[in-house]
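In this text, residue positions in the sequence shown follow UniProt numbering: the first is 1, and each later residue adds one.
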Amino acid sequence: MLVLLQIFPKNYYEAGTLSIRVIRKNTFNHSYNNIKNIHYIHCGYPNIFNNCRNYYMNNFYNNNLSAPFKNKNNYMHIFFKIVEGNKKKKREHPFFKYLFHMNMLEKSGDKKNTVISKITESCQYGDIRKYMNMKKESLEEGEKNKSGEEYNKHVEQNNIKDEKIHFKDGTFIKSKEEEIENEKGGTICLKKEIQKNVLEINNNTYNNDTKYLSNPKGKSANDTKNIPPIPKNTEDRWNDYNKIKEYAKISNVYLGAHISASGGVQNAPINSFNISGLAFALFLKNQRKWESAALTNENIKQFEENCKKYNFDKNFILPHGSYLINLANPDKEKRDKSYLSFLDDIKRCEQLNIKLYNFHPGSTVGQCTVDEGIKNVADCINKVHKETNNVIIVLENSAGQKNSVGSKFEHLRDIINLVHDKDRIGVCLDTCHTFAAGYNIKTFENFDNVMKQFDDIVNVKYLKAVHLNDSKSDIGSGLDRHENIGKGKLTMDTFKYIMKSKYFKNIPIILETPDITNDESIYKYEIQNLYKLYFEK
């Protein structure tokens with residue numbers, strides 16, 4: 001199955017005016033006219049694509065790139081797993097045909113340098129939108145042979161609409177649109193399906209540090225200009241870390257983020273230290289594959305050493321379960337497969353001497369009642385308690401997506417009631433999910449009422465952790481769309497309440513906001529600002 005690369009300037013892509021297109025057929029015909037079954041969706045600048053881009057940059061070309069492509073921040077490189085479904089007609093644009101065409105020529109082996117040059121130059125000069133809007137109208141033959149930059153000026157000055165798109169090396173493509181098949185019922189359905197299937201790249205492995213599958217980044221470069229980089233000097237990083245540690249001692253609030261464990265779990269404590277995090281979350285294995293390599297003795301040893309070196313309390317480490325796990329599934333075969341991954345995660349926690357494990361209860365997939373799904377989850381927890389020791393299973397509340405289990409406090413209560421060992425069960429409240437599920441936490445008073453409601457229904461003694469996120473979506477939307485602190489539908493009172501409230505003391509509070517800086521420095525910036533809220537009146 002073919003997974004397509006597309007390349008275009010990052011700042012242009014962030015403007016939200018381009019479409020993502022996916023070739024479905026595994027074919028490398030040398031004529032773009034033979035391409036069929038091209039899907040397309042519109043979307044913002046999703047956080048999840050960074051990992052795909054890095055995978056491509058590090059593995060596909062083996063660093064044999066022309067200069068502009070060596071800067072990973074200049075271009076977006078996007079991969080999709082192909083999805084199938086109902087057919088619907090859509091049109092493709094010839095500019096993308098050109099990229100497809102060049103990508104296919106590249107597979108022949110001897111066209112590589114030419115292809116890279118053409119795509120790079122086509123993206124670097126002029127305003128591509130001018131080419132994308134060209135219509136059929138004749139030009140004098142001499143004007144057609146101008147360089148790309150000259151031709152662009154000529155078109156702009158003379159308001160010319162051409163039937164061809166011209167490139168700097170003299171090549172061009174006709175602006176002829178053809179109807180093609182677009183599967184999965186159009187933009188919305190396809191986007192949802194891609195969110196489920198993205199990142200399975202030709203069955204290859206990839207770095208396991210992608211965190212927010214459904215969260216569009218949606219930020220321009222201006223949003224990051226005031227965010228200071230992580231200091232390169234180790235002494236400066238220690239100074240920043242020690243300041244945050246003093247704030248935590250005063251407030252009894254322990255902030256951190258879901259950070260990368262790329263290269264091995266032993267790197268997670270280092271990455272958390274770099275952002276001045278006193279707590280952290282991580283994936284213990286590839287969160288998008290059923291099978292992953294076991295932890296080595298060296299992984300375990302170095303993880304322990306780094307936790308000691310950077311003074312991490314294991315009570316403030318909150319691993320996140322695999323996205324594939326669905327213990328609520330009524331299909332026994334699928335639920336058993338989820339259970340084995342669930343069990344493997346918890347055994348990894350035991351190997352690392354980690355005391356908490358967070359996961360999503362899952363979905364009924366529309367094939368059973370919520371009560372039946374709740375029972376399935378509780379049965380699996382009881383079973384895993386018998387096969388493991390000490391690790392506390394932490395249920396994360398969901399945003400209220402269709403068929404989801406865990407969006408209501410009553411769901412969490414009912415699961416806990418069915419769990420036999422009450423000392424090994426708890427809850428992680430996600431602020432974005434709570435708001436999206438219909439709980440108003442925008443003001444001090446409203447948030448306090450919600451926490452009293454939680455205490456009455458679930459019991460606050462089961463609150464073991466918090467995922468701290470703003471929300472792109474409105475209250476009751478049922479949409480899991482994380483946003484950076486202070487940039488979404490919640491208010492700063494929401495986060496000030498968490499910093500000051502009695503309910504959130506001495507538990508891990510984990511940021512899962514979009515990494516708009518691409519180096520996790522946004523988390524350090526947000527942690528520092530959140531502690532400032534504690535000291536505000």
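Note that CB positions come from ideal geometry on N, CA and C, so glycine has one too.
From a predicted model like this one, the values you see are computed outputs, not experimental measurements.
Quick one: measure Cβ to Cβ for residue i and residue j, integer angstroms, because I've assumed they're closer than 8 angstroms.
i: Val458; j: Leu418; result: 13 angstroms between Cβ atoms; not a contact.
i: Asp421; j: His385; result: 5 angstroms
i: Asp493; j: Thr431; result: About 12 angstroms; that fails the 8 angstroms criterion.
i: residue 545; j: Gln287; result: The question about residue 545 has no answer, for the chain in this structure spans 1 to 537.
i: Asn297; j: Val265; result: So it is not a contact: roughly 13 angstroms between Cβ atoms.
i: Gln453; j: Phe409; result: 7 angstroms
i: Asp344; j: Gly321; result: At roughly 10 angstroms, the Cβ-Cβ gap does not stay under 8 angstroms, so Asp344 and Gly321 are not in contact.
i: Tyr503; j: Val253; result: The pair is not a contact, with the Cβ atoms about 11 angstroms apart (cut-off 8 angstroms).
i: Cys380; j: Leu327; result: 4 angstroms
i: Trp290; j: Lys337; result: 7 angstroms
Note down, in chain order, each residue of its chain lying with its Cβ closer than 6 angstroms to the Cβ of residue i, except the 5 sequence neighbours on either side.
i: Gly277; result: Gly256 and Ala257
i: Ile244; result: Ser276
i: Ser251; result: Tyr534
i: Tyr310; result: Pro269 and Phe273
i: Ala281; result: His258, Leu318, His320 and Ile510
i: Ser407; result: Ser398, Gly400 and Ala437
i: Gly373; result: Ala328, Thr364 and Val405
i: Tyr531; result: Tyr247
i: Cys307; result: Pro269
i: Lys505; result: Asn252
i: Phe312; result: Pro269
i: Phe303; result: Val265, Gln266 and Leu352
i: Asp240; result: Ser276
i: Asn358; result: Leu318, His320, Val394, Glu396 and Cys428
What are the start and end residues of the beta strand (DSSP E) that includes residue i?
i: Asn358; result: Leu356 to Phe359
i: Phe435; result: It is not in any beta strand (DSSP E) - Phe435 instead sits in the alpha helix (DSSP H) that spans Thr431 to Ala436.
i: Val394; result: Ile392 to Glu396
i: Lys505; result: Note, Lys505: premise wrong, no beta strand (DSSP E); not H, not E.
i: Phe280; result: Ala279 to Ala281
Tell me the residue span of the alpha helix (DSSP H) that contains residue i.
i: Leu418; result: Phe409 to Leu418
i: Pro269; result: Ala268 to Asn274
i: Ile527; result: Ser521 to Phe535
i: Ile244; result: Thr234 to Ser251
i: Gly256; result: Taken as a continuous stretch (DSSP letters only), Gly256 belongs to no alpha helix (DSSP H), being part of the beta strand (DSSP E) at Tyr254 to His258.
i: Val460; result: Premise fails: Val460 is in no alpha helix (DSSP H) and is neither H nor E.
i: Ala378; result: Val370 to Glu387
i: Asn306; result: Asn297 to Lys309
i: Leu343; result: Lys332 to Gln351
If the criterion is Cβ atoms closer than 9 angstroms, does the pair residue i and residue j meet it?
i: Pro514; j: Glu536; result: no
i: Asn376; j: Arg335; result: yes
i: Leu479; j: Gln528; result: no
i: Gly488; j: Ser501; result: no
i: Ser404; j: Ser341; result: no
i: Ile509; j: Ala268; result: no
i: Ser260; j: Asn242; result: no
i: Ile522; j: Ile227; result: yes
i: Ser292; j: Lys301; result: no
i: Asn390; j: Cys428; result: no
i: His360; j: Ile416; result: no
i: Ala378; j: Ser477; result: no
Looking only at its own chain, which residues have a Cβ that is under 8 angstroms from the Cβ of residue i, when we skip the five neighbours before and after it?
i: Gly426; result: Leu356, Ile392, Ile393, Val394, Leu395, Tyr462, Leu463, Lys464 and Ala465
i: Ala274; result: According to the sequence provided, residue 274 is Asn. The question's Ala does not apply to it. Answer for Asn274: Ile230, Arg237, Glu520 and Lys524, listed in chain order.
i: residue 543; result: The requested residue 543 is not part of the displayed model; the chain covers only 1 to 537.
i: residue 624; result: Residue 624 lies beyond the stretch modelled for the chain, which goes from 1 to 537, so this question has no answer here.
i: Val460; result: Met451, Phe454 and Tyr503
For residue i, I'd like the list of residues in its chain whose CB is within less than 7 angstroms of its CB, leaving aside the five on either flank, ordered along the chain.
i: Lys347; result: Thr388
i: Thr234; result: none
i: Gln474; result: The sequence given here has Asp at residue 474, not Gln. Counting only Cβ-Cβ distances below 7 angstroms, and skipping sequence neighbours, we find Lys489.
i: Asn382; result: Val419 and His420
Would you check if there are 3 or more beta carbon pairs closer than 8 angstroms linking the stretch 440 to 455 to the stretch 491 to 500? yes
Taking 8 angstroms as the threshold, find out whether the stretch 343 to 352 comes into contact with the stretch 311 to 324 through three or more Cβ pairs. yes
Would you check if the stretch 429 to 441 and the stretch 323 to 340 touch, i.e. whether three or more CB-CB distances between them fall below 8 angstroms? no
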